[in-house]
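Chemist: With this note's numbering applied, the sequence shown corresponds to residues 2 to 104, in that order. One structure, pasted below without further comment.
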Amino acid sequence: SRRLLQREEVENVSDTLKKILSQHGRRAFGDEGTKEVRFTFAVHELDSGVAKFVADKQGRLWQQAADFAGTEKLCVLMDRGFSKDPGDPETHWHRDDEAIGLP
Numbered sequence: 002s003r004r005l006l007q008r009e010e011v012e013n014v015s016d017t018l019k020k021i022l023s024q025h026g027r028r029a030f031g032d033e034g035t036k037e038v039r040f041t042f043a044v045h046e047l048d049s050g051v052a053k054f055v056a057d058k059q060g061r062l063w064q065q066a067a068d069f070a071g072t073e074k075l076c077v078l079m080d081r082g083f084s085k086d087p088g089d090p091e092t093h094w095h096r097d098d099e100a101i102g103l104p
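Next up, the structure:
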């Protein structure tokens, strides 16, 4: 929901994430050899502000995740940024569960 996080909170982390994803992202290429997306792994390790945002278990984001999961016992399994640059082609359709071999 657009009202889950405070506007200022989103703007602060958004500006930081744009820089991080642009600077640290690995380019991923589609079948035609054109870049489709950037992947950035362990984003929380690249900036202390992002780390604080992700780890704030009292924050609204964690609380909403706990509500969805039905438990307070949550952890961050991984964080990965997916970003596109202006002019990048559409990402081809795929299923992540098949792409990464989930049962």
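Positions of the beta carbon are idealized from the N, C-alpha and C atoms, including for glycine.
When the distance is taken between beta carbons, is phenylalanine 40 closer than 8 angstroms to arginine 96?
Modeler: Contact: no.
Chemist: Check the DSSP bridge columns for arginine 28 and list the partner residues they point to.
Modeler: In the DSSP output, where bridge partners are listed per residue, arginine 28 has Arg39.
Chemist: What is the rounded straight-line gap between the Cα of leucine 47 and the Cα of lysine 20?
Modeler: Cα-Cα distance, rounded: 11 angstroms.
Chemist: Leaving out five residues before and five after leucine 5 in sequence, what residues of the same chain have Cβ atoms less than 8 angstroms from its Cβ?
Modeler: Answer for leucine 5: Arg61, Leu62 and Gln65, listed in chain order.
Chemist: Quick check: the Cα distance between valine 38 and glycine 50, rounded to an integer number of angstroms?
Modeler: C-alpha separation (whole angstroms): 24 angstroms.
Chemist: Between Arg27, Val11, Thr35 and Val77, which has its C-alpha nearest glutamate 91's C-alpha?
Modeler: The candidate whose alpha carbon is nearest that of glutamate 91 is Thr35.
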